[in-house]
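In terms of our numbering, the sequence shown opens at residue 4 and continues consecutively. Okay, so here's the structure we're looking at.
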Amino acid sequence: MRRRKSLAELERERGRLLERISVQRSQLPAQFAPVAQLLQFGERIAHTVQAARSFVQRHPLALGAIGAVLVLRRPRSLGRWLRRGLLVWRTWRTARNFAQVVQRQLNRPHG
4 MRRRKSLAEL ERERGRLLER ISVQRSQLPA QFAPVAQLLQ FGERIAHTVQ AARSFVQRHP
64 LALGAIGAVL VLRRPRSLGR WLRRGLLVWR TWRTARNFAQ VVQRQLNRPH G
């Protein structure tokens, strides 16, 4: 049969748990440093993609001409690159969504 813990024992256990939580919380930034680096890399990629999108919007004829040349020269190769690009885009989107969830969890107020 288990004996019931006294109020003093419960308070000590609570104190130990709060201390453990505090230590774990202080270790989180170091543990998530690789994720932060990945996010910074992802932000640089997003900035590059945005710059490319802006260029395409300012120069649609140039992009059309390049696309026509690629299609006429090597249609099979173009399809392969489009599939690769789609895979990279989907992977990036999944990683970004995961990182946003992790970031929200880290920024959530703890009580």
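For glycine and all other residues, C-beta sits at the position ideal for the given N, C-alpha and C. Remember, it's a predicted structure, so these values are computed and weren't measured experimentally.
- Here DSSP, grouped into helix, strand and coil, assigns histidine 62 to coil.
- Annotation: serine 9 is outside any alpha helix (DSSP H) and is labelled neither H nor E by DSSP.
- With contact defined as three or more Cβ pairs closer than 8 Å, the segment 41-57 and the segment 93-107 are in contact.
- The continuous alpha helix (DSSP H) containing phenylalanine 101 extends over residues 78-110.
- Assigned with DSSP and collapsed to three states, phenylalanine 44 falls in helix.
- Annotated as proximal: leucine 66 and valine 59, with beta-carbon spacing under 8 Å.
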